[in-house]
Amino acid sequence: MWRLAANRKGEGRMICPRCGKDNPQGARFCMNCRYLLESEEDFQGDEKNSNLAKVIIGVEAVLLIALAVLFGVIGNSMTKPEKILENYWEAREEGDWNRVYDCLDVSDSEFLTRQMFVNAMRNRAGVDSWSMEGESEEGETKGFTVIYEDTAWDSGKPQEQVTTLVSKGRNWLFFQNWRVTVEDLTVRDVTFYLPVGSQLELNGQEVSMEGVSDENGTIELQVPQLFSGDYQIKVKKEGMETYQTNLTLGTDDQGFEYEVILRPSKKLETELVERSGAALQMILQNALSGKDFGTVSELFSETAIESGEVSEQYNEIKDIRSDGRIEGVTFFEIYELEGELSPDQTGVAGQVFMEMEGQGKKHYVSEFMGVLSQDISEGNLKLSFDFVEENGQWRLNSMPITEEDIRYI
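Quick note: UniProt numbering has the sequence shown finishing at residue 409, numbered continuously throughout.
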């Protein structure tokens, strides 16, 4: 170590420990060999600082270990399956459905959202009491036997249920993330049958209709899983009255099917009455003029045309016509035609039945003892119309008037 010397004036000098050069007091480097000089005071200060740092590091290490232990204890107590089960049933007891949802293992589905769950449970009170009576374990799944009482739904009689928890990854990288399965709160394989072009709402939320298959004017909307509870069902379609009702689904309603039949609005009903009169006029005029069925085929649905029945009935009307030189009908008119929706709808989606009534006047040629004469007869006429929606258009699904209707006037 360097030595500190004094000159005549008492000023301290710094002797280099390497080369022995006498350097001024306070110099940091030797003026001869550039060796780093350090005073005894500095050395003692550094030693003190080093000891203090070691003490601080030791305290920090102890604190970190304590915090790690505390984190482990608290994290484990908060995330263990028994705690999740307690949180779940306490939330059910309080009727806090948002907290219940936080405990659930829910798949990504528009039917299993938080809002859908809370809305479905909105009228349901919490359970009166609950207790855990046993547990079982299989791999990453734990089952807890719970006895609970629910006055509102089960007359207060004790009910037994196995609440299943499944491990879904990790919380905070260290603790298993336990979640309650939704099997005890859902209904599987619910199917809604709706008219083509309609929109379904469940508790005010529109349901996506993309990719839904349809057949004969009916949509088949399949819901793999839906929360049990209360639903407000609303079905809307242009030209039809809005359908609205309440539906309660329980966990015993697995495979539930629900069909919605829409009634035409007053506006559409009026349009169909007018269309009925125009269709009758066109059918009678063309048939009694001897024109082919093709001239009126646009009035009918593809199903009706493919069956061949409507073309046969048209030709039967065509066969009783007369040009005035033989027996037959020369002209047939219908007036004072009125109609309304049939009270006896069949319940087929996309199909409307109407009852029409009016007066028929028939001009015809008859023969008596070889003598032809022209006559007129009138009478009441009752007709049934069957409309079906096809490609956005309402078309006749059957022949509204037959040769027999005309003959009996």
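Each residue gets a CB set at the ideal place from its N, CA and C atoms; glycine is no exception.
For I283, which of N32, I57, P400, E93 has the nearest alpha-carbon? P400
Rounded separation between G204 and S297 - CA only: 42 Å
Skipping 5 residues on each side, what residues in its chain have a beta carbon closer than 6 Å to that of G229? A120, M121
V166 beta carbon less than 8 Å from that of E183: no
Three or more C-beta pairs under 8 Å: does that hold for the region 290-307 against the region 243-252? no
So the candidates are L194, T113, W130, L85; which of them puts its Cα closest to the Cα of K258? The amino acid at residue 258 is misidentified as Lys; the sequence shows Tyr. Considering only alpha carbons, the answer is L194.
Let me check understanding here. Comparing Cα to Cα, which of T163, L288, V212 lies closest to F192? V212
Would you report the Cα separation of G294 and F385, rounded to the nearest angstrom? 20 Å
Using C-beta distances below 8 Å, list every residue in its chain close to A68, excluding the 5 sequence neighbours before and after it, in chain order. Legend: pLDDT at A68 = 49, less than 50; position of this residue unreliable, no value from coordinates given.
Unbroken alpha helix (DSSP H) run spanning R114, endpoints: 114-120
What ranges does the alpha helix (DSSP H) occupy inside the region 259-300, keeping only unbroken runs of at least 4 residues that lie completely in it? 266-287
Would you check if the distance between the CB atom of V365 and the CB atom of G324 is smaller than 8 Å? yes
So what's T251 in DSSP terms, helix, strand or just coil? coil
Expected contact under 8 Å - CB spacing of F332 and G358 to nearest Å: Wrong, their Cβ atoms sit about 12 Å apart, outside the cutoff.
Starting from the Cα of I101, find the closest Cα among D108, S109, R114, E316 and give me that residue. As written in the sequence, residue 101 is Tyr, which differs from the Ile given in the question. Here the closest residue by C-alpha is R114.
Within this structure, are the beta carbons of S198 and K237 separated by less than 8 Å? yes
Give the DSSP-derived three-state secondary structure of L4 in the structure shown. Unreliable placement is indicated for L4, whose pLDDT of 45 sits below 50; the coordinate value is still reported in the next sentence. Note: L4 maps to strand in three-state DSSP.
Could you tell me the alpha carbon to alpha carbon distance between S131 and I147, rounded to whole angstroms? 5 Å
Burial state of M369 (16 or more Cβ within 10 Å): exposed
Relative to the C-alpha of P81, which residue among K142, C33, V127 is closest? K142
Residues bridged to I376 [DSSP beta-bridge criterion]: H363
Cβ neighbours of S77 in the same chain (closer than 6 Å, five flanking residues each side left out): Summary for S77: the model assigns pLDDT 49, below 50, so the residue's position carries little reliability, and this model does not support an answer.
Assign M250 to buried or exposed, taking buried as 16 or more other Cβ atoms, counted over all protein chains shown, within 10 Å of its Cβ. The amino acid at residue 250 is misidentified as Met; the sequence shows Gly. Counting Cβ neighbours within 10 Å, G250 comes out exposed, since fewer than 16 surround it.
Would you say Q222 reaches chain B, if we count a Cβ-Cβ gap shorter than 8 Å as a contact? Given the protein chain composition of this structure (a single chain), no chain B is represented.
Helix, strand or coil: which one does DSSP assign to S198? coil
Helix, strand or coil at P81 according to DSSP, with G and I counted as helix: helix
With which residues is T145 paired in a DSSP beta bridge? G134, V162
In terms of residues, what are the limits of the alpha helix (DSSP H) holding S228? No alpha helix (DSSP H) contains S228, which DSSP labels as neither H nor E.
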